[in-house]
Amino acid sequence: MDGIKFGVGDRLTMKKPHPCGSREMKVLRTGSDIRVVCLGCGRDVTVPRVKLEKNIKGVTHVESPVEQI
Ligand SMILES: [Zn+2]
């Protein structure tokens, strides 16, 4: 999975679910480390981009990049 495009506010569907059971994550910050928040339990995690990309199954682009959480 190379060159996945996603930005702040996008929803990510992960291959491996979070311990809470949710596969949906929302991007909070991008860079060499990506900060995402789990939409199941609301916990946020910071993951190195390369590691995160390997776990992405799909990306849902969200219209408004300034959406509030
Ligand atoms: Zn969770």
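Heads up, the sequence shown is in the working numbering, so the first residue is 24 and it goes up one at a time.
Yeah, the Cβ is synthetic: ideal placement off N, Cα and C, and Gly gets one too.
Cβ neighbours of residue i in the same chain (closer than 8 Å, five flanking residues each side left out)
| i | result |
| --- | --- |
| Val82 | Ile27, Lys28, Phe29, Asp33, Arg34, Leu35, Thr36 |
| Ser55 | Pro71, Arg72 |
Cα-Cα separation between residue i and residue j, rounded to whole angstroms
| i | j | result |
| --- | --- | --- |
| Val85 | Pro40 | 21 Å |
| Ser45 | Gly65 | 10 Å |
| Lys38 | Leu51 | 19 Å |
| Ile57 | Glu47 | 15 Å |
| Ile79 | Asp67 | 16 Å |
| Leu62 | Lys49 | 7 Å |
| Pro42 | Leu75 | 16 Å |
Buried/exposed call for residue i, threshold 16 Cβ in 10 Å
| i | result |
| --- | --- |
| Lys77 | exposed |
| Val73 | exposed |
Contact under 9 Å by Cβ, residue i with residue j
| i | j | result |
| --- | --- | --- |
| Val70 | Val60 | no |
Chain-order list of residues whose beta-carbon lies under 7 Å from that of residue i (same chain, five-residue window excluded)
| i | result |
| --- | --- |
| Val31 | Val50, Leu51, Arg52, Thr53, Pro88 |
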